[in-house]
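Worksheet for the structure shown next.
Numbering (the numbering used here), first residue to last: 1 to 303.
Written out as structure tokens, the structure is:
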């Protein structure tokens, strides 16, 4: 049964070196041609867009996002736990959230048409989302939370303006892995605490981050569990050797790498000097400690 109604639209026109603009125009035209009333919620910056989307989500039957992971994360924050469907048109250079949800990549215009058809037909699926608490408040994420050297890599990649795309993350990784060996942290999994000296602890709802790095290749966003990937303290040489294996998901067999599964995860840094700011879906959160709890079926995705 088809559905016509009000749709909120978020577009990043600069995503994917301009792909976002073309895809945004196509989804707007297609939705209107199908009889939907579309309101463009796009704004001057991500902070403005995130606030507007959260405040106005209840006005719409669906929210459609055209852009990269930053804008998709804003959409997740707006609709998770509300039942409002989210349409994702991946048009960025990383697209890790879309990749982890098995959405089609590489053709934003075709993806825009697919989302419009799914909305018109009322077809969607429910996936898990993660409720996160941190020093700055509470929120949601859909893919992976980074809290170790991977968070430091994310921070450095955000500061650099060159090169564009995943190559910037790769260079930032080489920089941080060359100097960071281990960070003491207390990880509490469903109430059981472990004190670790780790290179990183990634809390994963889906498979990848950093532009396709398969940190948690077995993560399933429909199983009601988080894959918690722990990498022990490593020398710079060993860490640099691990990185290309992680990109292809071939690191899980190494003795320094373990995967735990839990519904609720608490991360507490134990080093008072080096306390990486956690990142979720590639976006910065408030300071640690952080608590992550998976909420089964909290996110409705147009598909």
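From the three backbone atoms N, C-alpha and C, an ideal C-beta is built for every residue, glycine too.
The model shown is predicted, which means the values in this text are computed figures rather than measured ones.
Boundaries (first-last residue) of the beta strand (DSSP E) holding residue i
i	result
residue 100	Careful: residue 100 lies outside any beta strand (DSSP E), inside the alpha helix (DSSP H) at 96 to 100.
residue 197	192 to 204
residue 146	144 to 146
residue 87	86 to 90
residue 134	124 to 134
residue 269	264 to 269
residue 113	First-last for residue 113: 108 to 121, but that is the alpha helix (DSSP H), not the beta strand (DSSP E).
residue 288	Per DSSP, residue 288 belongs to no beta strand (DSSP E) and is neither H nor E.
residue 6	6 to 11
Nonlocal neighbours in the same chain, by C-beta distance under 7 angstroms from residue i, ignoring five residues either side
i	result
residue 13	20, 21 and 24
residue 169	153, 157, 210 and 211
residue 6	37, 39, 59, 60 and 61
residue 78	53, 54, 57 and 63
residue 193	186
residue 105	90, 95, 98 and 99
residue 70	46, 282 and 283
residue 271	183 and 184
residue 50	74 and 77
residue 41	8, 9, 10, 49, 52, 53 and 56
Limits of the unbroken alpha helix (DSSP H) element including residue i
i	result
residue 161	Segment: none, residue 161 is in no alpha helix (DSSP H) and carries neither H nor E.
residue 141	Per DSSP, residue 141 belongs to no alpha helix (DSSP H); it is in the beta strand (DSSP E), 137 to 141.
residue 227	No alpha helix (DSSP H) contains residue 227, which is instead part of the beta strand (DSSP E) from 226 to 232.
residue 69	69 to 79
residue 180	Counting along the chain, residue 180 falls outside any alpha helix (DSSP H), and DSSP gives it neither H nor E.
residue 54	46 to 56
residue 25	19 to 33
residue 274	Per DSSP, residue 274 belongs to no alpha helix (DSSP H) and is neither H nor E.
residue 41	Careful: residue 41 lies outside any alpha helix (DSSP H) and carries neither H nor E.
residue 238	236 to 247
Cβ-Cβ separation, residue j to residue i (assumed contact under 8 angstroms), whole Å
i	j	result
residue 175	residue 236	Wrong, their Cβ atoms sit about 11 angstroms apart, outside the cutoff.
residue 87	residue 302	4 angstroms
residue 67	residue 92	6 angstroms
residue 274	residue 183	6 angstroms
Sequence-distant residues of the same chain with beta carbon closer than 6 angstroms to residue i, five excluded per side
i	result
residue 291	133 and 266
residue 72	65, 88 and 97
residue 135	286 and 287
residue 264	190 and 293
residue 297	126
residue 222	127
residue 295	129 and 131
Distance, residue j Cα to residue i Cα
i	j	result
residue 117	residue 185	46 angstroms
residue 30	residue 48	26 angstroms
residue 269	residue 32	49 angstroms
residue 215	residue 245	9 angstroms
residue 201	residue 44	34 angstroms
residue 107	residue 197	42 angstroms
residue 82	residue 9	17 angstroms
residue 233	residue 242	12 angstroms
residue 220	residue 142	11 angstroms
residue 255	residue 80	36 angstroms
residue 119	residue 231	41 angstroms
residue 199	residue 139	25 angstroms
residue 213	residue 173	11 angstroms
residue 239	residue 195	21 angstroms
residue 225	residue 85	22 angstroms
residue 110	residue 123	17 angstroms
residue 229	residue 115	32 angstroms
residue 289	residue 11	33 angstroms
residue 218	residue 159	31 angstroms
residue 227	residue 34	40 angstroms
residue 166	residue 247	11 angstroms
Cβ shell of residue i (< 8 angstroms), same chain only, five flanking positions each side left out
i	result
residue 113	26, 27 and 30
residue 162	168
Chain B contact for residue i (CB, 9 angstroms cutoff)
i	result
residue 50	The question asks about chain B, but that chain is absent: this structure has only one protein chain.
*Cβ contact check for the segment 141 to 150 and the segment 273 to 280: 3 or more pairs under 8 angstroms*: yes
*Counting Cβ pairs, one atom from each stretch, are 3 or more of them under 8 angstroms apart for the segment 188 to 208 and the segment 258 to 268?*
yes
*Cβ pair count under 8 angstroms reaching 3, the segment 199 to 207 against the segment 81 to 101*: yes
*Is the segment 114 to 131 touching the segment 245 to 253 in the sense that three or more CB pairs, one from each, lie closer than 8 angstroms?*
no
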